[in-house]
Every structure is written in structure tokens, then in C-alpha cells.
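Inspection log for the structure reproduced underneath, given as C-alpha cells.
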Amino acid sequence: MTIGLLLITHSRIGEAILETAGKMLEGAPLAVETLPVGIDSNPEQLLAKAGELINRLDQGHGVLVFTDMYGSTPSNIAYSLAEQGRVNVISGINLPMLIRTLNYQTMDLDALTEKALSGGKEGIICCENLNKQ
């Protein structure tokens with residue numbers, strides 16, 4: 027079982043973070059796509075393209091969609107495609123979240139969503155607080 031991953035982000039953020047994760051893990055899995063959203067992009071066309079990508083990525087176990095910022099065009103597109111048990115959406119992607127997800131991509135969709143969230147949250151640390159421990 028493999029969950030598909032789709033990164034819908036402003037500009038080329040998704041491509042850059044996926045490339046970085048791929049280098050750190052010595053290659054990203056095949057069931058990952060990015061959809062860059064430009065300032066002048068047509069939201070209806072992007073919605074159609076995102077739907078096509080989800081259909082391509084879904085191997086019968088679902089797709090986890092990451093966006094870079096809640097409330098933005100990428101997240102609005104993703105949320106309109108969210109579907110219980112088939113498409114989960116997380117906004118606020120960061121590198122630790124993606125690395126965690128790629129390491130556990132064979133979990134079921136809901137478990138992987140929780141794993142991604144924990145990886146993202148645990149990857150955010152105020153370095154100033156490290157000296158106080």
C-alpha cells in the first residue's frame with residue numbers, strides 16, 4: 027500500500043522542498059507530484075489539474091495533499107478536493123513534515139496524516155529555548 031502525495035504550493039516551493047527531501051533520502055518515491063501556483067494562475071484550471079493529479083496518484087489507498095499556507099489559493103484548491111477516506115489535506119508544509127511522510131508512506135491515509143502532522147510540529151523548535159533546558 028502506498029499513499030500518493032501532492033504538493034500544491036505557491037511558485038516552486040513544492041518542487042524545491044521535494045528536491046531537498048529527495049536528496050536527503052537519496053531519492054523520492056514515484057507517487058509524488060507537485061502543482062505550482064503562480065500569481066497569474068487561473069484557479070479553475072489549477073483545480074482541474076489538481077483533480078487529474080489526484081486521480082493519477084491514487085493507487086486505491088488515497089492521497090495526502092500538502093499546501094504551503096492555510097487560506098491561500100493553493101489550500102483553497104486542495105480543500106475543494108478533500109474527500110473523507112480518499113484525500114486528506116494539510117496546510118503549512120515544512121521539510122521535517124515531508125521527510126516524516128516519505129519515511130512512512132506505506133501507512134494508511136489517516137495514520138500517515140497524523141504522522142505528517144507530528145513530524146511538522148516536532149520540526150518547529152525555538153532554538154532560544156534549547157539553552158534553557
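To convert, note that position 58 of the sequence shown is 84 in the working numbering; the numbers rise steadily by one, no gaps.
We put the CB at the ideal spot given by N, CA and C, even for glycine.
Rounded to the nearest angstrom, what separates residue i and residue j at their Cα positions?
| i | j | result |
| --- | --- | --- |
| LEU32 | GLY86 | 15 Å |
| ILE29 | ALA57 | 7 Å |
| GLN110 | LEU61 | 22 Å |
| GLY53 | ALA47 | 8 Å |
Residue range of the beta strand (DSSP E) that residue i falls in?
| i | result |
| --- | --- |
| THR132 | Note, THR132: premise wrong, no beta strand (DSSP E); not H, not E. |
| ILE34 | 30-36 |
| PRO55 | That residue, PRO55, is in no beta strand (DSSP E); it is neither H nor E in DSSP. |
| ILE116 | 113-117 |
Starting from residue i, follow its DSSP beta bridges and name the residues at the other end.
| i | result |
| --- | --- |
| THR139 | Bridge partners of THR139: none, in fact. |
| GLU148 | Looking at the DSSP assignment, GLU148 forms no beta bridge with any residue, so it has no partner. |
| PRO62 | THR35 |
Need the endpoints of the alpha helix (DSSP H) that residue i sits in, please.
| i | result |
| --- | --- |
| GLY48 | 39-50 |
Could you name the residues of the same chain whose beta carbon sits closer than 7 Å to that of residue i, not counting the 5 residues immediately before and after it, in chain order?
| i | result |
| --- | --- |
| TYR96 | SER117 and GLY118 |
| ALA142 | LEU90, ILE116, MET123, ARG126 and THR127 |
So, at 8 Å on beta carbons, what are the nonlocal neighbours of residue i in its own chain, with the 5 sequence-adjacent residues on each side left out?
| i | result |
| --- | --- |
| SER106 | LEU73 |
Leaving out five residues on either side along the sequence, give the residues of the same chain with a beta carbon under 6 Å from the beta carbon of residue i.
| i | result |
| --- | --- |
| GLY149 | ASN120 and PRO122 |
| GLU41 | THR60 |
Mind checking whether the beta-carbon of residue i lies closer than 7 Å to any heavy atom of the ligand ATP?
| i | result |
| --- | --- |
| THR99 | Absence of the ligand ATP from the depicted structure is noted, as is the absence of any ligand whatsoever, leaving it without description. |
Problem set entry | Secondary structure, beta strand (DSSP E): runs of 3+ residues fully inside the stretch 73-102 | 89-93
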